[in-house]
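The next block holds one structure in the form of structure tokens; read it before the comments.
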Amino acid sequence: MITVGLDLGSVTTKAVLVEGNSWISLIRPTGYSPRQAGREAFEELLGNAGLKRGDIGFIVGTGYGRISVPFIDQAVTEITCHAKGAHFLVKEIDMVIDIGGQDSKVIAVDRFGNVTDFAMNDRCAAGTGKFLEVIAAALGLDVSELAMLSKNADPIQTSNMCTVFVESEVISLLAEGVKRERIIAGIHQSVAARVAAMAERLGKGEHIVFTGGVAKNEGVREFLGKELGRDLLVVPESQIAGALGAALLAQEEVKLKSL
Amino acid sequence: MRPGSMKIFKNFRDLSIMDLENAKKNKTKIVGLYCAFAPQELVLAAGAIPVGLCGTKNEPIAAAEKVLPRNLCPLIKSSFGFAITDTCPFFRLADFVIAETTCDGKKKMFEFLRRYKPMHIMQLPQSSDGTRTFDWWLAELSVLKIKLEENLGAEISEDSLRQAIKLANRERRTMKRLHEINKIDPAPLSGLDLMTALWSNNFNEDKEEGIELVNGLIGEADEIAGNGTSPFPKGTPRILLTGCPVGLGSEKVVMLIEKCGGSVVCLENCGGIKTLGYLVEENDQKDPLEALAERYLKIPCSCMSPNSGRFELLDRLITEYKVDGVVDLTWQACHTYNIEAEMVRDFVKKDFGLPFLHLETDYSSSDLQQLQTRISAFIEVTGRKKQQ
Numbered sequence: 008m009i010t011v012g013l014d015l016g017s018v019t020t021k022a023v024l025v026e027g028n029s030w031i032s033l034i035r036p037t038g039y040s041p042r043q044a045g046r047e048a049f050e051e052l053l054g055n056a057g058l059k060r061g062d063i064g065f066i067v068g069t070g071y072g073r074i075s076v077p078f079i080d081q082a083v084t085e086i087t088c089h090a091k092g093a094h095f096l097v098k099e100i101d102m103v104i105d106i107g108g109q110d111s112k113v114i115a116v117d118r119f120g121n122v123t124d125f126a127m128n129d130r131c132a133a134g135t136g137k138f139l140e141v142i143a144a145a146l147g148l149d150v151s152e153l154a155m156l157s158k159n160a161d162p163i164q165t166s167n168m169c170t171v172f173v174e175s176e177v178i179s180l181l182a183e184g185v186k187r188e189r190i191i192a193g194i195h196q197s198v199a200a201r202v203a204a205m206a207e208r209l210g211k212g213e214h215i216v217f218t219g220g221v222a223k224n225e226g227v228r229e230f231l232g233k234e235l236g237r238d239l240l241v242v243p244e245s246q247i248a249g250a251l252g253a254a255l256l257a258q259e260e261v262k263l264k265s266l
Numbered sequence: 325m326r327p328g329s330m331k332i333f334k335n336f337r338d339l340s341i342m343d344l345e346n347a348k349k350n351k352t353k354i355v356g357l358y359c360a361f362a363p364q365e366l367v368l369a370a371g372a373i374p375v376g377l378c379g380t381k382n383e384p385i386a387a388a389e390k391v392l393p394r395n396l397c398p399l400i401k402s403s404f405g406f407a408i409t410d411t412c413p414f415f416r417l418a419d420f421v422i423a424e425t426t427c428d429g430k431k432k433m434f435e436f437l438r439r440y441k442p443m444h445i446m447q448l449p450q451s452s453d454g455t456r457t458f459d460w461w462l463a464e465l466s467v468l469k470i471k472l473e474e475n476l477g478a479e480i481s482e483d484s485l486r487q488a489i490k491l492a493n494r495e496r497r498t499m500k501r502l503h504e505i506n507k508i509d510p511a512p513l514s515g516l517d518l519m520t521a522l523w524s525n526n527f528n529e530d531k532e533e534g535i536e537l538v539n540g541l542i543g544e545a546d547e548i549a550g551n552g553t554s555p556f557p558k559g560t561p562r563i564l565l566t567g568c569p570v571g572l573g574s575e576k577v578v579m580l581i582e583k584c585g586g587s588v589v590c591l592e593n594c595g596g597i598k599t600l601g602y603l604v605e606e607n608d609q610k611d612p613l614e615a616l617a618e619r620y621l622k623i624p625c626s627c628m629s630p631n632s633g634r635f636e637l638l639d640r641l642i643t644e645y646k647v648d649g650v651v652d653l654t655w656q657a658c659h660t661y662n663i664e665a666e667m668v669r670d671f672v673k674k675d676f677g678l679p680f681l682h683l684e685t686d687y688s689s690s691d692l693q694q695l696q697t698r699i700s701a702f703i704e705v706t707g708r709k710k711q712q
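Protein chains in written order, with my numbering: chain A, 8 to 266; chain B, 325 to 712.
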């Protein structure tokens, strides 16, 4: 049975096609229309696999745009899908920490990849990818340069977590002559502390997978590991974990129906 | 199948305005209440009509924020905004208002609000335990009785107070019976309909008519249950909603839980079962004020410290209503419920092993999308756990 998972995120659309234990995927920008992005990603994926719509047994949609795609069979939240996908990639996990462009979440997972509990910050951009982008811009950098530049720097305490106000705090610190790398390290540490506090409410995970765009930032990853007192696993496929989970849930759905 | 009488409940607040205006023309006094701690029996015994003034709508909040800080709970801002913009007919109709020193936000807001209406602020103790707090509260009830008599030009006799106690108890028993219909699985009433019916009770011009109307709804719900029908398919996760009060205008969490595939079977908040279970003792040998003081001090509100009654109540409700998951709603900046949420989380997860979701939000629609994601994920978890 062949199934497809579509993850319509705020920045990128991810599509995964699963057959048995093998899968193919693609990542495209979402743009302004999740509906169109979803359709295009789906058709491109079919083209890559040399398949037709009729060959696909079940499609699960996830991500914030899941409600705007009419051709999916079922919508499932990104929380459930992320857990499923991350568990498929790393079998022994019991926690997923995901920091994306607009929100951050911590998911506790059982040994089957099912969610047992979760916590989420989606009220503001504090501590997300957007937050780091704003900091990078204030420092005249690209977000991808932050980790490298601040390696081994002594973090300076910053007090603001608000994306708008932290920019002026950064500017005052620069005016005081504080080195850039120390400011970046401080910001990384504050992002990590915030997410770690959220994670600890769910109980400490033993095997934690770190996903989402911010997982690429080694600085945040290191501080987060220190805060939680354990190493975090980062897998190269972490960005497609949600879409992969969606396609796997679609597989389960098909099996359930054939019983 | 939706009960036909829900059509009346949906518009009950608007319909009752005319009845109250007529009552006022006939020289009946109207007394506004902000909270479940206000002893409505004293108002009834004075021959006046009690109406609820607790704000549940977003519209007047912008006006309130011209005076009050933005970082204040929406319930307080809504209540205040309604009053100062003269957009709440019930506030306008009220001859007198009873307020209480519950949380910090409310008691300071009342200092402003008393500029707009004759008001008495009751000094609520911070704990429901011990004789000293009881004696204090009893004295507060005596003061309120005198204030009501003075301001309404009425006398509150012992006999009329005993009558009022019987009437208010009867109303509570009826509303409790309505709420308890949702112990049936699947629930015959949606949580939204249950909430609407209970909330409408705030605006009753005539309690007897209100009881009659609720009895009608109970009859219809019994019939739905008897036919084995329900607004929900079998196996729908049964959710208990606890925390801050909800009403029409602030129903978004109830609405979203049911939109995302849950059934709100129990409302453990002050418009719901929290205040319905406690009756005033009807004992002719007992001082009725004392009986009132006992009953009102039992209300397990988070403004009390400690608030062990809430956990005893939750314990009972989770079992009786066969609850699959608990959602705890905190209105933004409601510190007491927000802090207590951590204790409720511990309690629900450790003692019952049930999924728990704490939400902090306001009356606006700005976060509907984010809330929907959280609530959907919560229902997914609860539903899967229920299947196992």
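We treat Cβ as the ideally placed atom computed from N, Cα and C, and that holds for glycine.
In its own chain, which residues sit with a C-beta less than 8 Å from the C-beta of residue i, not counting the 5 before and 5 after it?
i	result
W30(A)	V23, L24, L251 and A254
E140(A)	V150
L641(B)	L564, C590, E592, I597 and V647
L603(B)	N493, R496, R497 and R619
Taking the alpha carbon of residue i as the reference point, which residue from the options has its own alpha carbon closest?
i	options	result
L256(A)	I86(A), V150(A) and K233(A)	I86(A)
P77(A)	G64(A), Q43(A) and F95(A)	Q43(A)
E664(B)	M446(B), L681(B) and N631(B)	N631(B)
K583(B)	T498(B), A701(B) and R501(B)	A701(B)
G356(B)	K622(B), D686(B), A478(B) and A372(B)	A372(B)
V122(A)	M155(A), D101(A), L146(A) and A222(A)	D101(A)
L156(A)	A145(A), I191(A) and V177(A)	I191(A)
E229(A)	A203(A), G108(A) and T20(A)	A203(A)
G567(B)	P557(B), V578(B), N528(B) and K610(B)	V578(B)
L580(B)	D546(B), V672(B), D691(B) and G633(B)	D691(B)
N395(B)	T409(B), G376(B), F414(B) and G429(B)	G429(B)
P36(A)	S265(A), T135(A) and K21(A)	K21(A)
F95(A)	I79(A), D117(A) and K59(A)	D117(A)
Using a Cβ-Cβ distance cut-off of 8 Å, determine whether residue i contacts chain B.
i	result
F95(A)	no
F125(A)	yes
T19(A)	no
N167(A)	no
V83(A)	yes
Y71(A)	yes
V122(A)	yes
T37(A)	no
I9(A)	no
T306(A)	For residue 306(A) there is no data in the structure shown, the boundaries of chain A being 8 and 266.
Once the 5 residues before and after residue i are set aside, which same chain residues still bring their CB inside 6 Å of it?
i	result
C412(B)	F406
V173(A)	N167
F434(B)	A423 and I445
V216(A)	A93, V97, I100, V103 and L240
E183(A)	none
G212(A)	D101 and M102
Q487(B)	none
Closer than 7 Å by C-beta to residue i: which residues in its own chain qualify, once you throw out the five before and the five after it? Chain order, please.
i	result
K158(A)	none
K348(B)	I354 and L417
Q656(B)	C397, P398, E684, T685 and D686
E188(A)	L156, S157 and A160
E644(B)	K507
G534(B)	E495, N525 and N528
Since residue i contacts residue j with CB under 8 Å, what's their CB separation in whole angstroms?
i	j	result
E605(B)	E618(B)	7 Å
K137(A)	T170(A)	6 Å
L13(A)	I66(A)	7 Å
K91(A)	G64(A)	Not really, about 17 Å apart at Cβ, beyond 8 Å.
S340(B)	G540(B)	The Cβ separation is near 16 Å, so there is no contact.
P41(A)	G61(A)	The Cβ separation is near 24 Å, so there is no contact.
T84(A)	V261(A)	With a Cβ gap of about 20 Å, T84(A) and V261(A) do not count as contacting.
Is there at least one Cβ from chain A nearer than 8 Å to residue i's Cβ?
i	result
T697(B)	yes
V705(B)	yes
Q711(B)	no
Q487(B)	no
R708(B)	yes
Quick one: does the C-beta of residue i sit closer than 7 Å to a heavy atom of the ligand ZN?
i	result
H89(A)	Of ligands this structure carries none, so the ligand ZN is not represented either.
Is there a Cβ from chain C that is less than 8 Å from the Cβ of residue i?
i	result
S700(B)	The displayed structure is made up of protein chains A and B, and chain C is not among them.
Across the segment 45–58 of chain A and the segment 655–673 of chain B, are there enough close Cβ pairs to call them in contact, namely three or more that are closer than 8 Å? No, they do not touch.
Counting pairs of Cβ atoms below 8 Å between the segment 514–521 of chain B and the segment 566–578 of chain B, do you hit three or more? Counting Cβ pairs under 8 Å, three or more are found: they touch.
Do the segment 209–224 of chain A and the segment 107–115 of chain A meet, that is, are 3 or more Cβ pairs less than 8 Å apart? Verdict: yes, contact present.
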